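J.: With my numbering, the residue at position 47 of the sequence shown is 100, and numbering never jumps.
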Amino acid sequence: MKFVTGLLAAVLLLAGVGASHAVVRIADDRGGRSEPTSTNIRGLRSSGESVVIDGLCASACTIVLGAVPHDKICVTTRATLGFHAAWDFGATVALSLIAKQP
C-alpha cells in the first residue's frame with residue numbers, strides 16, 4: 054500500500070512540473086514611454102505568463118491591466134497603481150484643437 058501511495062505521489066509531482074509557468078513580478082515600475090511598454094506587454098500576453106503586481110505600477114505600466122487576461126493577473130495588498138492622462142510633447146496643437154471642440 055505504501056508503494057502505491059508513493060508511486061501516486063511521484064506521478065502527481067511529475068505531472069505538476071510540466072504545468073508550471075513563470076511569473077512576472079512588478080514591484081517598482083514608474084512607467085515611461087508607452088510604446089516600448091506596449092511591446093513588452095504584448096510579448097508577456099503571448100507568453101501566457103502570470104503577472105503579480107506587488108509594488109508600484111505607474112503610468113505606462115498600468116497598460117498590463119487591460120492587455121493581460123484577468124485570470125493571469127494578481128494584485129497584492131502592497132500594490133500601488135498610478136494613472137494619469139497621456140500626453141505627447143509634440144501634440145500641443147492637436148490637444149488645443151480637441152479642447153476647443155463642443
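Ideal Cβ positions, reconstructed from N, Cα and C, are used throughout, including at glycine.
For clarity, every value in this text was computed on a predicted model and none was experimentally measured.
Could you spell out where the beta strand (DSSP E) holding R78 opens and where it closes?
T.: The count along the sequence shown starts at 1 and reaches residue 78 at position 25. Its beta strand (DSSP E) spans residues 76-82.
J.: According to DSSP, what are the bridge partners of S103?
T.: The count along the sequence shown starts at 1 and reaches residue 103 at position 50. Beta-bridge pairing links S103 to V76.
J.: Using alpha carbons as the reference points, say which of V128, I116, K125 lies closest to H137.
T.: Residue mapping note: residue 137 aligns to position 84 of the sequence shown, counting from 1. The shortest C-alpha separation from H137 is found at I116.
J.: Output the boundary residues of the alpha helix (DSSP H) element that contains V167.
T.: No answer is possible for residue 167: the residues shown for the chain start at 54 and end at 155.
J.: Here's a check: name, in chain order, each residue in its chain whose Cβ is nearer than 6 Å to the Cβ of I106, leaving out the five neighbours to either side.
T.: Within the sequence shown, numbered from 1, the residue matching residue 106 stands at position 53. Within the same chain, I106 has close Cβ partners I79, V128, A132.
J.: Taking the beta strand (DSSP E) that G135 falls in, what are its first and last residues?
T.: By one-based count along the sequence shown, residue 135 stands at place 82. 133-135 is the extent of the beta strand (DSSP E) around G135.
J.: Taking only the alpha-carbon atoms, compute the straight-line gap between G96 and T90 and give it to the nearest angstrom.
T.: In the sequence shown, counting from the first residue as 1, residue 96 sits at position 43. In the sequence shown, counting from the first residue as 1, residue 90 sits at position 37. Going by the C-alpha atoms only, they are around 10 Å apart.
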